[in-house]
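Enquirer: Quick one: the structure is below, questions incoming.
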Amino acid sequence: MPGYSDRDRDRGRDRDRDRDRGYGGGPPRFGGNRGGGGGGGGKFGNPGDRLRKKHWNLDELPKFEKNFYQQHPDVARRSPQEVEQFRRTRTITVKGRECPNPITKFHEASFPSYVMDVINKQNWTEPTPIQAQGWPLALSGQDMVGIAQTGSGKTLSYLLPAIVHINHQPFLERGDGPICLVLAPTRELAQQVQQVAAEYGRASRLKSTCIYGGAPKGPQIRDLERGVEICIATPGRLIDFLEAGKTNLRRCTYLVLDEADRMLDMGFEPQIRKIVDQIRPDRQTLMWSATWPKEVRQLAEDFLKEYVQINIGALQLSANHNILQIVDVCNDGEKENKLIRLLEEIMSEKENKTIIFVETKRRCDDLTRRMRRDGWPAMGIHGDKSQQERDWVLNEFKFGKAPILIATDVASRGLGHHVETCQRETLSREHWVWK
């Protein structure tokens, strides 16, 4: 079983040096012409209509390695009873053959130093359940489905193995597309994943970019043309670039579908299928979802081969039990005073970032104006704001310059980081939920 050689520790320096010489040394192994499977996006027709389905001959494709897992001796020594006890106490359910034993400590994953050095700086105590079982599986090169709630640590569950995977592949040549592709349903989630990819990929000089609609295409195209190993994209914008020949997926050997259920809910299935048709079939594929409906199951059957399914908790969508939820039912006349009293209490604390969700864009603007007039450091965000304005508001909130964020549901996903408190200020009783 392949492991990590000594030169892997210096891979980052070698990669940087080879890039300075022009995208790596040696002749192109994956071809040199840029292609996207189409002759440019049209104004009419369905997204992806100009993309031709690839007909792959595996005998003609360059071989690549995807099994890098080196089982730690402590993991190998654990009895089946110990493994079962660990999974049961953490509500881990595994379906499929040849699933590796879970790890219990970070060093047991046998990550190379360029990954472990970043992990050690975080002062974490132990892997989350999805990481404990997901890392050995992803590092072994197997296809997998992960069913886990938002906030379970799934982003690192697929990004850290992706970084290891990339560092064992040939360097990108000029005109090559990404080695790792992460498809995400929303720009907020895509940006969040890209921030993590940039932080953890920096140690080995990996480049990443975020491709999504609602933002200028120019900077995104320049990133792709310069060469990125990791691309996080929403399906629509990626389809545009593939049709226009701005990038290609011939080098992609590590595919992630993040929040697959959400992408299907948003109607992205045709675009996803068009994109996957552009990727070699012997790739490694990881699918992540909060729920497991029949539509997601069918997608897994179509895209994954002999996959292992990891489930954390119940298959039905439920609230995250690690979060304390308080519901206060009151009439409209009481809400304003209760909100002010609660904010006074929260703002007296050191960690005081708060999100207030409202039903409508008009309510968002009205409440933001009133609170700012009364001296509260509040800002609002909703779907009518430009992407530039939304990014600026989120950045002000993230760094604490405006610790109160008033938002419609457009901002309900991808805001889990850097948030201590979340309220729902709404008009009817049935909408009193904790996001």
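With UniProt numbering, letter number 293 in the sequence shown gets 293, and the count goes up by one each step, no holes. Every residue gets a Cβ at the ideal spot worked out from N, C-alpha and C, and that includes glycine.
Enumerate in chain order the residues of its own chain whose CB-to-CB distance from residue 400 is below 6 angstroms, with the five nearest sequence positions on each side excluded.
Expert: Cβ within range, chain order: n/a, list empty.
Enquirer: Which residue wins for smallest C-alpha separation from residue 118, given the options 163, 102, 187, 87?
Expert: Of 163, 102, 187, 87, the residue nearest in Cα terms is 163.
Enquirer: First and last residue of the alpha helix (DSSP H) that includes residue 260?
Expert: Element bounds for residue 260: 260–265.
Enquirer: Assuming residue 398 is part of the alpha helix (DSSP H), what are its boundary residues?
Expert: Residue 398 -> alpha helix (DSSP H) spans 387–398.
Enquirer: Any contact of the stretch 322–336 with the stretch 175–182, i.e. 3+ C-beta pairs under 8 angstroms?
Expert: Touching, no.
Enquirer: Which partner residues of residue 518 appear in the DSSP bridge assignment?
Expert: Residue numbering for the chain in the displayed model covers 1 to 435; residue 518 lies beyond these limits and cannot be assessed.
Enquirer: Report all residues from its chain with a CB closer than 6 angstroms to the CB of residue 311; omit the five preceding and five following residues, and keep chain order.
Expert: Contacts found: 93, 147.
Enquirer: Less than 6 angstroms between C-beta atoms, sequence neighbours within five positions excluded: which residues of the same chain meet that for residue 251?
Expert: Excluding residues within five positions, the ones whose Cβ falls inside 6 angstroms are 30, 176, 177, 179.
Enquirer: Any idea if residue 387 is buried or exposed, counting beta-carbon neighbours within 10 angstroms, 16 or more meaning buried?
Expert: So residue 387 ends up on the exposed side.
Enquirer: Could you compute how far the alpha carbon of residue 381 sits from the alpha carbon of residue 371?
Expert: Between residue 381 and residue 371, the C-alpha separation is close to 14 angstroms.
Enquirer: Just reading off the alpha helix (DSSP H) that residue 305 is part of, what are its end residues?
Expert: Taken as a continuous stretch (DSSP letters only), residue 305 belongs to no alpha helix (DSSP H), as it is neither H nor E.
Enquirer: Look up residue 208 in the DSSP assignment and say whether it is helix, strand or coil.
Expert: The answer is strand: DSSP assigns residue 208 an E or B state.
Enquirer: Going straight from the alpha carbon of residue 356 to that of residue 406, what length do you get?
Expert: For residue 356 and residue 406, the distance between alpha carbons rounds to 5 angstroms.
Enquirer: How far does the alpha helix (DSSP H) with residue 157 in it extend, from its first residue to its last?
Expert: From DSSP, the alpha helix (DSSP H) with residue 157 extends over 154–167.
Enquirer: Run the CB neighbour count on residue 409, radius 10 Å, all protein chains shown included, and call it buried at 16 or more, exposed below.
Expert: Classification of residue 409: exposed, given that the 10 Å Cβ count is below 16.
Enquirer: Quick one: complete alpha helix (DSSP H) runs, 4+ long, within the stretch 175–221?
Expert: The stretch 175–221 contains these whole alpha helix (DSSP H) runs: 187–201.
Enquirer: What is the DSSP secondary structure of residue 376, counted as helix, strand or coil?
Expert: Residue state, collapsed to three classes: coil.
Enquirer: Which one of 235, 133, 283 has the shortest CA to CA distance from residue 47?
Expert: Nearest option by C-alpha distance: 235.
Enquirer: So, with DSSP's three-state summary, where would you put residue 130?
Expert: Here residue 130 sits in helix by DSSP.
Enquirer: Any chance you could list the alpha helix (DSSP H) runs of at least 4 consecutive residues sitting entirely within the stretch 51–107, in chain order?
Expert: Qualifying alpha helix (DSSP H) stretches, in chain order: 73–77, 80–89.
Enquirer: Under the DSSP definition of a beta bridge, which residues are partnered with residue 286?
Expert: According to DSSP, residue 286 bridges with 144, 256.
Enquirer: Within its chain, find whatever has a CB closer than 8 angstroms to the CB of residue 42; leave out the 5 residues flanking it on each side and keep chain order.
Expert: The predicted model places residue 42 with a pLDDT of 44, which falls under 50 and marks its position as unreliable; any figure quoted below should be read in that light. Within the same chain, residue 42 has close Cβ partners 49, 50, 243.
Enquirer: Can you tell me whether residue 305 is buried or exposed, with buried defined as 16 or more other CB within 10 angstroms of its CB?
Expert: With fewer than 16 Cβ atoms within 10 Å of its Cβ, residue 305 is classed as exposed.
Enquirer: Output the boundary residues of the beta strand (DSSP E) element that contains residue 405.
Expert: Residue 405 -> beta strand (DSSP E) spans 404–407.
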